[in-house]
Amino acid sequence: MLIDILPVWALFLVSVALVMLSLEVGFRMGFTVRRKTEDERESPASAISGVILGLQAFMLAFTFGIVSDRYDTKKGLVREEANTIRTAFQRSDFLLEPDQAKTKALLQEYVDQRLAVAQSHDANFALNSLGESLRMQQELWDMAVANGRIDNSDIAALYVDSVNEISRIHATRVGLGLHARIPTTIWIVLLSLLILGMVGVGYHTAIADSRRSRVAPILAISFSLVVALIAALDHPGDTLMPVSQQPLVNVQSEMKTASSLGALNTP
Numbered sequence: 038m039l040i041d042i043l044p045v046w047a048l049f050l051v052s053v054a055l056v057m058l059s060l061e062v063g064f065r066m067g068f069t070v071r072r073k074t075e076d077e078r079e080s081p082a083s084a085i086s087g088v089i090l091g092l093q094a095f096m097l098a099f100t101f102g103i104v105s106d107r108y109d110t111k112k113g114l115v116r117e118e119a120n121t122i123r124t125a126f127q128r129s130d131f132l133l134e135p136d137q138a139k140t141k142a143l144l145q146e147y148v149d150q151r152l153a154v155a156q157s158h159d160a161n162f163a164l165n166s167l168g169e170s171l172r173m174q175q176e177l178w179d180m181a182v183a184n185g186r187i188d189n190s191d192i193a194a195l196y197v198d199s200v201n202e203i204s205r206i207h208a209t210r211v212g213l214g215l216h217a218r219i220p221t222t223i224w225i226v227l228l229s230l231l232i233l234g235m236v237g238v239g240y241h242t243a244i245a246d247s248r249r250s251r252v253a254p255i256l257a258i259s260f261s262l263v264v265a266l267i268a269a270l271d272h273p274g275d276t277l278m279p280v281s282q283q284p285l286v287n288v289q290s291e292m293k294t295a296s297s298l299g300a301l302n303t304p
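Take 38 as the starting number for the sequence shown in our numbering and just add one per residue.
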């Protein structure tokens, strides 16, 4: 993605600079036109600036709605993944040894690895961990299939379904986190409207025979904060808007406690 070239804080600063520069360009254009001719009126310039700013507000709201809904979906998937892993861990009690112990250990390793990926911001580590997650899912599936062939019962089918759900949710999280991004075209339109809108504001200010406003930096910061917030929500693994992994942390703690109790009860 083109927007990933810059970190969020740098995008914020660039956006502020673009707004201030656009205001200045628009002001100078309006000042030049007003000095050369009296035909340019304030009302049409004001109406045009208002239309552009309205389009800008619509695009900001539209784009923010996309990333906000996606952020909520990501949080929901974390809870769903945690519940699925917890269910698979509990249903693994019906497996025969030694697969039962192997499955419980593998599920604990899987959760540890998923949390490590979520807490790391290294792209290479995330890609390598993706392959490791798929490997562990395959091991879980192989043991589930082997036990399902031995015990062709409803209980075995429930465990197989839990393992299948783990793979499905993982694939959904990867697809949503890495590939479901705001298209570059939308970013280009968003920033273009921001520039054009600010040029219009500056132009209208000059046509109205007004001085440069001292609150222009506030306008620049306000728009730039929204743009930066959208970028933070859209960027996978951004530290400014992280998706809480607490449900997985809770499952990790529960599995460690259950394993400790199981070890104590083993004769």
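C-beta: ideal position from N, C-alpha, C; glycine also. Just so we're clear, the structure is a prediction, and the values are computed from it rather than from any experiment.
In this chain, the alpha helix (DSSP H) harbouring ALA155 covers 136-156.
Around the CB of HIS272, 16 or more other CB atoms lie within 10 Å, so the residue is classed as buried.
Counting other Cβ atoms within 10 Å of its Cβ, GLN175 stays below 16 and is therefore classed as exposed. Spanning the alpha carbons of ALA257 and GLY239 requires a straight line of approximately 12 Å. If you look at MET235, you'll find it in the alpha helix (DSSP H) that goes 221-244.
In this structure ARG218 is buried. Its beta-carbon is surrounded by 16 or more other beta-carbon atoms within 10 angstroms. Between ARG65 and PRO284, the CB-CB gap reaches or exceeds 7 Å.
In the DSSP assignment, SER59 falls within the alpha helix (DSSP H) that extends over 45-73.
With fewer than 16 other CB atoms across the displayed protein chains lying within 10 angstroms of its CB, LYS73 is exposed. Of the other Cβ atoms in all chains shown, fewer than 16 fall within 10 Å of the Cβ of LYS293; this residue is therefore exposed.
With contacts defined by Cβ atoms closer than 7 Å, VAL53 and SER250 do not form a contacting pair.
Taking C-beta separations shorter than 7 Å and ignoring five residues to either side along the sequence, the partners of ARG128 in its chain run LEU195, TYR196, SER199, following chain order.
Rounded to the nearest whole angstrom, the C-alpha separation of GLY63 and ILE255 is 17 Å.
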